[in-house]
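A.B. asks: Letter 9 of the sequence shown, counting from 1, is numbered 9 in the UniProt record's numbering, and no numbers are missing.
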Amino acid sequence: MNKVMSRTPQEMSRAPQPRPRHRPPTRHDSRRPGGAPPRNPSIRGRRDMPQAAPRNARTASTAPQTAKPPVRPTDLFADRLLAVLSGQRPVHWMLRHTAGRAYDDLARLAAHSPLRTRGTHPVVHDIGYYVPSEGALEVFARISAGDQLRALAFRLERGQDLRWRCTAVETGPRP
């Protein structure tokens, strides 16, 4: 077996230094860095740092390009209902997003998986809505999977906590 020696003969001839018994041995190799730099800069270092740019100076010019429009409740609920009715999500996933008999209707519909298709995954093709009163939306969605086009209708109502909840769900007849 060949041993590779990494120390010079002068380093080997030095007498070992006594080390305290309460600490683990430390490395005394001059070829390696001594340690990591301190994590927090000193007080003097903080004063010497340049001032940060005000938040509004740069973000005002870049905000319109990077800001995403908020997701509309009609789009959000159409995607959620599609996931449940196509069998991609369980029915109880919509429990806190429904009110009244809508959960029972959804459970009855989901048992038959009316929007499940073979091959291609169904997607929301088009969404429209009607506002019958303040805080209520009646929404219809066209669901497409391949060359098939199906219908989904649901009603959303805004609660006192300002959250939208589904209160009714229907699908078109199965072809």
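Backbone N, C-alpha and C define an ideal beta-carbon position, used for all residues, glycine too.
Give every residue of the same chain whose Cβ lies closer than 8 Å to the Cβ of Gly146, excluding the five residues on either side of it in the sequence, and list them in chain order.
C.D. replies: So the list reads Thr117, Gly119, Thr120, once near-sequence residues are dropped.
A.B. asks: Between the C-alpha atoms of Phe154 and Ala67, what's the straight-line distance to the nearest angstrom?
C.D. replies: If you take the alpha carbons of Phe154 and Ala67, they lie about 29 Å apart.
A.B. asks: I think Thr167 touches Leu115, with their Cβ atoms under 8 Å apart; what is that distance to the nearest whole Å?
C.D. replies: Actually they do not touch by this definition, with Cβ atoms about 20 Å apart.
A.B. asks: Below 8 Å between beta carbons: does that hold for Pro73 and Leu156?
C.D. replies: Yes, the pair counts as a contact, with Cβ atoms nearer than the cut-off.
A.B. asks: For Met115, does the three-state DSSP call read helix, strand or coil?
C.D. replies: Looking at the sequence shown, residue 115 is not Met but Leu. If DSSP states are grouped into helix, strand and coil, Leu115 belongs with coil.
A.B. asks: Would you report the Cα separation of His92 and Pro173, rounded to the nearest angstrom?
C.D. replies: Their backbone Cα atoms lie some 24 Å apart in a straight line.
A.B. asks: Spatial neighbours of Arg80 within its chain, please: CB distance less than 7 Å, with the 5 preceding and 5 following residues excluded, ordered by chain position.
C.D. replies: Here the set comprises Met94, His97.
A.B. asks: Under three-state DSSP, which class holds Arg155?
C.D. replies: Strand at Arg155.
A.B. asks: Which of the three DSSP states, helix, strand or coil, is assigned to Asp126?
C.D. replies: Looking at Asp126 - three-state DSSP - the assignment turns out to be strand.
A.B. asks: Applying the 10 Å Cβ sphere with the 16-neighbour rule, what's the burial state of Pro122?
C.D. replies: Buried, because 16 or more other Cβ atoms sit within 10 Å of the Cβ of Pro122.
A.B. asks: Can you tell me which of the three DSSP states Pro69 falls into?
C.D. replies: If DSSP states are grouped into helix, strand and coil, Pro69 belongs with coil.
A.B. asks: So, for Arg101: in the same chain, excluding its five sequence neighbours on each side, which residues have a beta-carbon less than 6 Å away from its beta-carbon?
C.D. replies: Cβ within range, chain order: n/a, list empty.
A.B. asks: By alpha-carbon positions, which one of Gln148, Leu149, Val124 ends up nearest to Val139?
C.D. replies: Residue Val124 is the option with its Cα nearest to Val139.
A.B. asks: Would Tyr130 be called buried (16 or more neighbouring beta carbons within 10 Å of its own) or exposed?
C.D. replies: Classification for Tyr130: exposed.
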